[in-house]
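Position 38 of the sequence shown, counted from 1, bears residue number 38 in the UniProt record's numbering, the numbering being contiguous throughout.
Don't be surprised by glycine CBs; every beta carbon is placed ideally from N, CA and C.
Here the structure comes first, spelled out in structure tokens, and everything after it is commentary.
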Amino acid sequence: MDKKKKVTAPKPTEQPPALGRKRDSSLDTSILNATLEMLAEEGFDGMTMDKIAIKVGTGKAACYRRWPSKVKLVKDALIWMNRNQLELEKIPDTGSLRNDFLAILKPHSMEEANAKLRVLGGLGTFWLDEEIEKKGITEIFGPWTEVNRTLMQRAMDRGEISKKANIELVCKVLNSMATYRALIERKPPDKNLFIALIDQVVIPALKNPG
1 MDKKKKVTAP KPTEQPPALG RKRDSSLDTS ILNATLEMLA EEGFDGMTMD KIAIKVGTGK
61 AACYRRWPSK VKLVKDALIW MNRNQLELEK IPDTGSLRND FLAILKPHSM EEANAKLRVL
121 GGLGTFWLDE EIEKKGITEI FGPWTEVNRT LMQRAMDRGE ISKKANIELV CKVLNSMATY
181 RALIERKPPD KNLFIALIDQ VVIPALKNPG
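What follows is the structure, given as structure tokens:
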């Protein structure tokens with residue numbers, strides 16, 4: 001009779017070592033910054049991934065590993081620009097919707113305001129991309145929408161505005177006004193105009209929806 005062979009349990013396989021280098025988040029920031037600078041200097045139609053890579057001092061492949069196209073890079077750069085204007089971890093809660101709206105306005109120098117205006121003014125054919133036409137504006141202003149929605153929902157919860165208020169519509173109105181100011185009027189943000197919009201349009205619409 002043949003002796004039974006001893007069956008040994010297989011050894012657990014070792015986790016294979018991670019290949020490649022860890023993604024450098026500081027390089028991401030440098031690329032996004034360079035993209036905004038180039039939009040202001042040369043516009044969307046004049047910029048290329050090659051030029052951005054040269055400006056950053058990296059290879060073009062490093063850009064393409066992070067963003068598969070110039071359109072996607074510019075979209076993320078614009079979202080990043082808007083997000084940097086806000087402190088999403090410290091959304092104000094003053095107990096008054098009007099004061100909350102005013103509290104999210106960061107003081108900007110004329111230099112910063114004009115730089116942003118040049119960025120938006122240089123977008124050119126960026127807006128003609130099919131994906132951007134469908135939902136680009138919504139995504140680009142996403143950080144502002146997130147904050148505005150939070151402020152209005154809090155106001156609704158404490159009974160300051162009507163339960164029937166159309167918060168999403170008001171978010172769109174605020175984004176549309178910001179876009180019109182920058183792209184059509186070609187003017188930097190204006191605090192007095194924002195206050196008038198809040199006092200004469202937004203608050204009345206939220207308190208007395210039709």
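Compute the distance between the beta-carbons of residue 182 and residue 117, then report whether it is under 8 Å.
By one-based count along the sequence shown, residue 182 stands at place 182. By one-based count along the sequence shown, residue 117 stands at place 117. Yes, these two residues count as a Cβ contact at 8 Å.
With distances taken between CB atoms, is the gap from residue 83 to residue 143 smaller than 8 Å?
Position 83 of the sequence shown holds residue 83. Position 143 of the sequence shown holds residue 143. A contact, by the Cβ cut-off of 8 Å.
Going by other Cβ atoms of all chains shown within 10 Å of its Cβ, with 16 needed for buried, is residue 193 buried or exposed?
Within the sequence shown, the letter at position 193 stands for residue 193. That one is exposed.
When burial is assigned at 16 or more other CB atoms within 10 Å of the CB, is residue 206 buried or exposed?
Your numbering for residue 206 matches position 206 in the sequence shown. The residue in question, residue 206, is buried, as its Cβ has 16 or more Cβ neighbours within 10 Å.
Beta-carbon within less than 7 Å of residue 170's beta-carbon, same chain only, minus the 5 sequence neighbours each way: which residues are those?
Within the sequence shown, residue 170 is the residue found at index 170, counting from 1. Cβ within range, chain order: 152, 202, 205, 206.
Closest by C-alpha distance to residue 128, when choosing among 147, 44, 119
For the purposes of this step, residue 128 is taken as residue 128 along the sequence shown, with counting starting at 1. Of the candidates 147, 44, 119, the one whose C-alpha sits nearest the C-alpha of residue 128 is 44.
Residue 200 to residue 41, Cα distance in whole Å?
By one-based count along the sequence shown, residue 200 stands at place 200. By one-based count along the sequence shown, residue 41 stands at place 41. So the two alpha carbons sit approximately 37 Å from each other.
Could you give the residue range of the alpha helix (DSSP H) that holds residue 101?
Start at 1 with the first residue of the sequence shown, and residue 101 comes out as number 101. Element bounds for residue 101: 97-103.
Decide yes or no for the touch test of the segment 172-181 against the segment 133-143: beta carbon pairs closer than 8 Å, at least 3 of them.
A contact between stretches requires three or more CB pairs, one per stretch, nearer than 8 Å, and the segment 172-181 meets this requirement with the segment 133-143.
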